[in-house]
Amino acid sequence: MSPRCSIQFIVWIGWLCASAAALALDPKTAPPIDFSHDIRPIFNKNCVGCHGGVKRAGKISFIYREVVVAQDANDDKPIHPGDPENSELIRRVTTDNEDDRMPPADHAGKLSEHDIGQLRTWIQQGAKWKEHWAWIKPVEPAPPKVSKPRWIRQPLDAFVLAKLDAEKLKPSPEADRAQWLRRVSFDLTGLPPTPEEIKNFADDKSRDASEKVVDRLLASPRFGERWASPWLDAARHADSMGYEKDPLRTVWPYRDWVIRALNDDLPFDQFTIKQLAGDLLPDATMADQIATTFHRNTQVNTEGGTDDEEFRVAAVIDRVSTTWEVWQGTTMRCVQCHSHPYEPIKHDEFYRSFALFNTTRDWDLADETPVVQVPTNEVSFAEARKLDAAISAKHLEEFAALTNLAARNLNWQPLLPDKATATKGTKLAIQTNGTSEVCTVGTVAHHSQFTIEAPLPAGITNLGALQIEVLPENPDAARLTPEIGFVISQLRLAIVTNSNTNNDEIKLAHCFGDEPEPFQDSDDSVRDDKSGWGAYPRLTQPRRAVFVPAQTTALPAGATLQITIAHEFGAKDMSALVTRRLRLSVTAANDWIEFSGSPGFMARRDEIAGLQKLRAAIPSVNLPVMREQPELFRRATATFARGNWLAKGEVVQPGVPKVFSPDSDGTLSNRLALAQWLVSPANPLTARVTVNRLWSELFGIGLVETVEDFGSSGQPPSNQALLDHLALRFQNDLGWSVKKLLREIMLSATYRQDARSTPDLVARDPRNRLLARGPRSRLSAEMVRDQALAVSGLLSDKMFGPPVMPLQPDGIWDVIYSKVKWETSPGEDQHRRALYTFIRRTTGYPSAATFDSPSREVCLTRRIKTNTPLQALVTLNDPVYVECAVALAARMQRKAGDDLRNQITHGYELATGRSPTANDLRTLEKLQRSALARYTAHPDLAKQLNGSPTEAALTLVANALLNLDASLTK
Amino acid sequence: MNSTLRHLERDTLHQITRRHFLRDCATGMGALWLTSQGLPAFSAVPRRDSSKPLAVLPPHFAPKAKRVIFLHMAGAPSQFEMFQPKPELAKLDGKDCPQEFLAGQRFAFITGTPKLLGPVHPFHQEAKTGLWVTDRLPFLEKHFNKLCFIHSMQTDQFNHAPAQLLVHTGNQNLGYASFGAWTTYGLGSVNENLPGYIVLLSGGNNPDGGKSLWGSGFLPSVYQGVQCRSKGDPVLYLDNPPGIDRELRGDVVKAISALNQKTYERVGDPETVTRIAQYELAYRMQVSATDAFDLTKESAETHALYGTKPGTESFANNCLLARRLAERGVRFVQLFDWGWDSHGTDKKTSVTDGLSAKCREIDQPIAALLADLEVRGLLDETLVVWGGEFGRTPMRENRGGVEMAFIGRDHHPAAFTIWLAGGGVKGGFSFGETDPIGYHPLGEPVQIRDLHATLLHLLGLEHRDLTYSYQGLNQKLTGVRSSKVIKEIIA
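Sequence order for the protein chains is Y and D.
Going by my numbering, 221 is the number at position 233 of the first sequence; the sequence numbering is gapless.
Heads up: take any position in the second sequence, counting from 1, add 996, and you land on my numbering.
As structure tokens, this is what we get:
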């Protein structure tokens, strides 16, 4: 058959098939229609724009079965299973009446006969609705029959080979040892094999030589460093807070936690639980708390005049989106504003997820509270944690006693102020409406100080305690949309009588607040400093505190109490943290004085001070972590109308979308329950999404290419049986062990294939989705740097600790309002692995950014690799790479003496992991010769680069070696 | 799944398949295949070739402008001291701002009841166009016949970083592609030896939104803006290191190409071929970019015109560079000038002294840029955009509730002014009005997304069709809310 005939034949067959479908023949003989494969794409392409999750024209949505499929013959829904001719859908897509026909001409236009036929047959066959593949739990696929069972080394290979058989392709031969060793070394440790490792492997004739290599690399501490980078991309981990000022933050203990967890092969389910909810685990360790920094990597906006609540909400939204992208490959962003346009996820379901993250104590504060003090030396973790727990227990003990005391009936008498003034132009008013209240009027100035005078209530002859209540301006709304907070930096109390000229101050000893473990010490409110008791930064509900004098003070009859309230806390470019509504009362009972003077109270305070002193002796850094609000203050969550956080709708309960939790209503109590659900057997996605991400790191492309989107609009898997097999094996047989999973992949026949390709194969499968050859891709930004340092012998193997600053051109770090400078790290810190380089969000390390390293502002689960001229300029000219070339040349000379050919061979092997061909050698020798001639003629030029003409010429060769395609790829 | 071939990565597949199919099957079958697909053989339909991501692509329709020079005054310049006289506001100067303007509004720093503030500099009408201007912009005034004002701009962000992100990426959140990235993605780059999207900074600080303002977001990073510098290497790492001259660099690149060619022959990875091309391009760029950024090549007259001093970092230098880059076909030149945040917290940020100084810094260079582009016949095809991320309040700022020593204005998202010039817009024209005190636009405001739709339209791109598939959506610069092209301003 000539090619022309064959094409015509195929076209003809295609027409025949289409016609058969269009006519919707006998449903018994017609091939079964698959909803996900055949019908949902028609709906998604043609219908859901108007009849979907955002718009539901005529209340019709083709996303939800119950909305469009009729229950019985009388139901007026547009799809009647088994009866296409009585289905309005069919009438609408087939009618000749242009006004009636769907889709309208100015939208998608008339459906093709083929699509109409598919719809008709599908309805005839019962209109079976099927969930999108990714939301159905994977089932272990049967091992397929394959053409060449002997090729199979690991169970996964069978699924690859079956696909190749179906495509009439053959796997490539096994890669030579050098090629596989380079690949596996980069994939497991991010570094090239050393010449000794290459030689040892080449010489190892034992049957398990490959296994030994993989096990050696898996055990290397370099493993955790290599695999930390992609996880830190997903965790949007950076050393600065982001936004305008982009101040620096200390979060490296989290990065170190990730490296250690990966090196320890912490099972992925535990890895998940600790990062999402380590703080909620019973007996959470220091490491468990550090893990929760995962979700404190969100940005903090310290720009003047920004609303802390607005950016707290932005951070919570980021946590929701990130969680769903990283664990579920699901894009949630659009559900903030409306129901998902094409997935069955409803608007309020976003806020159920939001509710799970909406009850932590962080509030977009510049000091990043809440923080945990992480010892700089890991050996002190246990001791520090023990002290923290003991201090916290003592605080809670005291708070429990205070709660009891506050419940006593102490006959509090309200004060009825007759005078209230404020400084800085703030105006106060006294409102008497049942109770008496002091409130601000109009503009409230920063740092205003109030002076309030009130006559003594009848019957009060001595002062046992003063109580202050602070109220929101709108108590009903404040719970959902909090008001500006306040901090009482100091409260003073004095007695004013007609006779005394100097007011008699009543010395206050304590302020007892209503919060179990406040960020600021309540007692600061009786001291002359800026911090104190309050609602910081926001007020969500009525608050109260009790001020207690050192001793009972007799009050002369007819005296007036003068209360002075200072509000010194808070930066001038943020909202004024001034009390806006307050009520005062006093008691004559001396219960509070007795309590705070009791031996038990004082002993506990001494104990706390002693413990705090011990704790302070452990050198530590403050790390932002997740911490739940105390129950009393826990936020409620309501939907936001069209995504506007100021427009609250219905209150919702925490949970996950129904589509992900078909067996229940999706309710989950808190973050810990969410984390446990994500890694439970009930979850269809976590294992699939995780193995797919690992796979994409190794093969350069995921089995689902859209690593971040497993939804119905993402790419379907290239080999679902393989994906499901790997997911189930990872989750069940391998107990979520990443190392075990990687080991199986590295030792598979699939991964061992030669990466060499033919034009035919490139044409047939340009991106190697069928896996008929081994993977080959450009090194990541981190690997490019690490390799250059490693082969030149400059690489430091120092692990952990604060980020470092390698060489960087001047003038990169000009961030406004910021005095921080990039100062090149001394000594070996200049040559640390790329992972340890300081990452500032607004201005990334330029050479890494050129190689597609992300800014780490938002979660990124897939780096798209580019190939640009700017990359060439980096590895040719960046002083870091020039320094590497100088060192590599010296190493070539040390190893090979004066023999040029040996020098070049050694350098080539270091940079590419394989031996040069005769042709390669000739090209490089020619380069050396011309360079030597030029440097000999211009010895000054040689000196500028690297000493003698011979040394300079070899350095130029080394510079070329670091830029070869074979060096920049794995 | 949408069948458009816009997703770059999927394009690779189609492109390579098609290329090889056509090549390997000689003529007969390839042509037959195309015909069977209902496509004309050797179709004129533009196809994106991911091995040449910056190749020139035809626009969707005939463009008015071929390139953009975007002058962003970071911090947000005060419309009331430059282009919006507002005599009513002047009359009300010092009066309490009416409560109707304050109820339900959020401000960055203003609290309580601020006082209205009339324009602090005298206004007059420019002779030919009748458009109003203060005495702070004597040079620019002479080119008012080229300017097209939009006085009814509106944004929904009132903090710098998110508002700048909205102006440049169409979204206040991080992670979206910038206007310049969309432009080079949509049209490619004419000059193969220079980046297609170049960013220049002045004013001593990076803009508040940082690098994301010229980032590629979800687009491949090849489309991100390249920040060039007026001091040191204009492009990072452009210069050869000491001890490697042009001849030696040439030898190195030649050797790399030869070795990579052998690698390609052995391994057959098309990426290797791209890499060879990129190294050779980098080598050419070393000369062309150095030349483009060398201001010493300009005449004394030109330096006098712009007020430039080579070797320093200034807005004037950047204006002259913008012209040199435009001449060389750079698609998108983005300037940021920092220092326009006139809160009045000190003399430098007052609308009196501080703003006057900033006006002096930009007045002559922008006038020179417009004149120079016109003389060289480039203005018609170059769209110049001037503006900030929002406007400033008609009220005087009272930070912390107290009257401040210097006069300033707070952030004002409800109404602000930008202007366009060249590239197919009406000159000496004014669009949109605000109420007598300049608080709200009268009639329909122009949203940032409307501006984007309009600018893309001038470049020959339909904003609804310039899409990139990411996270299950066909992402657009103009986002998911409806936006409209402002036809009234198009010449």
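Even for Gly, the Cβ is constructed at its ideal location relative to N, Cα and C.
Open item on the list: With a threshold of 6 Å on Cβ separation, who are the neighbours of P(-9) of chain Y within its own chain once the five nearest residues in sequence on each side are excluded?
Closed with: Since pLDDT at P(-9) of chain Y reaches only 43, below the 50 mark, its modelled position is unreliable, and no value is offered.
Task: Contact test: I1252 of chain D Cβ vs the ligand FMN heavy atom, cutoff 8 Å - done: The model on display carries no ligand, and the ligand FMN is accordingly not part of it.
Open item on the list: For T957 of chain Y and R1262 of chain D, what's the separation of their Cα atoms in angstroms?
Closed with: Spanning the alpha carbons of T957 of chain Y and R1262 of chain D requires a straight line of approximately 14 Å.
Task: Neighbouring residues, chain D, relative to I124 of chain Y (Cβ below 8 Å) - done: Within chain D, no C-beta atom comes less than 8 Å from the C-beta of I124 of chain Y; the nearest is roughly 18 Å away.
Task: Strand pairing of H498 of chain Y, partner residues [DSSP] - done: For H498 of chain Y, which the question treats as bridged, DSSP gives the partners Y:V536.
Open item on the list: Would you say N1141 of chain D lies against chain Y (beta-carbon separation less than 9 Å)?
Closed with: Output row for N1141 of chain D: interface = no.
Task: Cβ of G1264 of chain D within 9 Å of any chain Y Cβ - done: So yes, G1264 of chain D belongs to the interface.
TODO: Please name the residues in the segment 742 to 762 of chain Y whose beta-carbon is closer than 7 Å to at least one beta-carbon of chain D, in chain order.
DONE: The residues in question are A743, R744, S745, T746, P747, V750, A751, P754, R755.
- [ ] With distances taken Cα to Cα, identify the nearest neighbour of M274 of chain Y among Y:K374, Y:D252, Y:D355.
- [x] Distance check between M274 of chain Y and each of Y:K374, Y:D252, Y:D355 places Y:K374 closest, using alpha-carbon atoms only.
Task: Proximity winner among Y:W315, Y:A533, Y:D742, Y:D653, relative to G699 of chain Y (alpha-carbon distances) - done: If we check each option's Cα against that of G699 of chain Y, Y:W315 comes out closest.
TODO: Label A95 of chain Y either buried or exposed according to how many other C-beta atoms from any shown protein chain fall within 10 Å of its C-beta, with 16 as the threshold for buried.
DONE: According to the sequence as given, residue 95 of chain Y is His; it is not Ala. H95 of chain Y should be labelled exposed.
- [ ] Find out if the Cβ-Cβ distance for the pair L682 of chain Y, V726 of chain Y is shorter than 9 Å.
- [x] Yes, the pair counts as a contact, with Cβ atoms nearer than the cut-off.
- [ ] Could you have a look at I247 of chain Y and say whether DSSP puts it in helix, strand or coil?
- [x] Helix, per DSSP.
Open item on the list: Going by beta-carbon coordinates alone, are T1348 of chain D and I1403 of chain D separated by less than 9 Å?
Closed with: In this structure, I1403 of chain D lies closer than 9 Å to T1348 of chain D by Cβ.
Task: Per DSSP, cross-strand counterpart(s) of H1407 of chain D - done: BP columns for H1407 of chain D point to D:R1388.
Task: Extent of the continuous alpha helix (DSSP H) run through R307 of chain Y - done: Annotation for R307 of chain Y: the continuous alpha helix (DSSP H) segment containing it runs 296 to 316.
Open item on the list: Determine, for G1350 of chain D, whether the minimum Cβ-Cβ distance to residues of chain Y falls below 9 Å.
Closed with: Output row for G1350 of chain D: interface = no.
TODO: With a floor of 3 residues, list each beta strand (DSSP E) that falls wholly inside the segment 873 to 929 of chain Y, ordered by position along the chain.
DONE: The segment 873 to 929 of chain Y contains no whole beta strand (DSSP E) run of 3 or more residues.
Task: As assigned by DSSP and simplified to three states, the class of D1287 of chain D - done: D1287 of chain D: helix per DSSP, three-state reduction.
- [ ] Using 10 angstroms around the beta-carbon of D1368 of chain D, count the other beta-carbons present and answer buried if the total reaches 16, otherwise exposed.
- [x] With a 10 Å radius around the Cβ and a threshold of 16 neighbouring Cβ atoms, D1368 of chain D comes out buried.
Task: the segment 635 to 642 of chain Y in contact with the segment 412 to 419 of chain Y per 3-pair CB rule at 8 Å - done: The segment 635 to 642 of chain Y vs the segment 412 to 419 of chain Y: no contact.
Open item on the list: Beta-carbon within less than 6 Å of F1064 of chain D's beta-carbon, same chain only, minus the 5 sequence neighbours each way: which residues are those?
Closed with: It should be pointed out that residue 1064 of chain D corresponds to Val in this sequence rather than to Phe. Correct list, in chain order: F1328, L1379.
Task: Coarse secondary structure for S513 of chain Y, derived from DSSP in three states - done: Helix at S513 of chain Y.
Task: Closest residue to S217 of chain Y among Y:P132, Y:E441, Y:S843 (Cα-Cα distance) - done: Relative to S217 of chain Y, the option among Y:P132, Y:E441, Y:S843 whose CA is nearest is Y:S843.
Open item on the list: Counting only C-beta atoms, is I827 of chain Y closer than 9 Å to chain D at any point?
Closed with: It does not: the Cβ of I827 of chain Y has no partner Cβ on chain D nearer than 9 Å.
Open item on the list: Just to confirm before moving on: does the CB-CB distance between L1473 of chain D and G1205 of chain D stay below 9 Å?
Closed with: Contact: no.
Task: Candidates Y:A559, Y:G430, Y:Q550, of which the one nearest V475 of chain Y by Cα - done: If we check each option's Cα against that of V475 of chain Y, Y:A559 comes out closest.
TODO: Find out if the Cβ-Cβ distance for the pair F788 of chain Y, I247 of chain Y is shorter than 9 Å.
DONE: Cβ distance < 9 Å, so F788 of chain Y and I247 of chain Y count as in contact.
TODO: Identify the contact partners of D953 of chain Y in chain D, using a Cβ-Cβ distance below 7 Å as the criterion.
DONE: Contact of D953 of chain Y with chain D by beta-carbon distance below 7 Å involves N1256, T1259, T1268, R1271.
Task: Proximity to G1221 of chain D [Cα-Cα], best of D:P1203, D:V1381, D:I1194 - done: Relative to the Cα of G1221 of chain D, the nearest Cα in the group D:P1203, D:V1381, D:I1194 belongs to D:I1194.
Task: N- and C-terminal bounds of the alpha helix (DSSP H) containing S217 of chain Y - done: According to the DSSP assignment, S217 of chain Y belongs to the alpha helix (DSSP H) that extends over 210 to 222.
TODO: Locate the beta strand (DSSP E) running through E471 of chain Y, then write down its first and last residues.
DONE: Run containing E471 of chain Y: 471 to 476, per the beta strand (DSSP E) assignment.
Task: Reference H894 of chain Y, options Y:L929, Y:S780, Y:H819, Y:V868, closest by Cα - done: Cα-wise, what sits closest to H894 of chain Y is Y:S780.
Task: Rounded separation between D267 of chain Y and L611 of chain Y - CA only - done: Approximately 13 Å between the Cα atoms of the pair.
- [ ] Name the residue from D:Q1101, D:Q1160, D:L1183 whose alpha carbon lies nearest to the alpha carbon of V1052 of chain D.
- [x] Checking every option, the nearest Cα to that of V1052 of chain D belongs to D:L1183.
- [ ] Output, in sequence order along the chain, the residues in the segment 429 to 458 of chain Y whose CB is closer than 7 Å to any CB in chain D.
- [x] Going along the segment 429 to 458 of chain Y in chain order, one finds G430, T431, V432, A433, H434 with a Cβ nearer than 7 Å to chain D.
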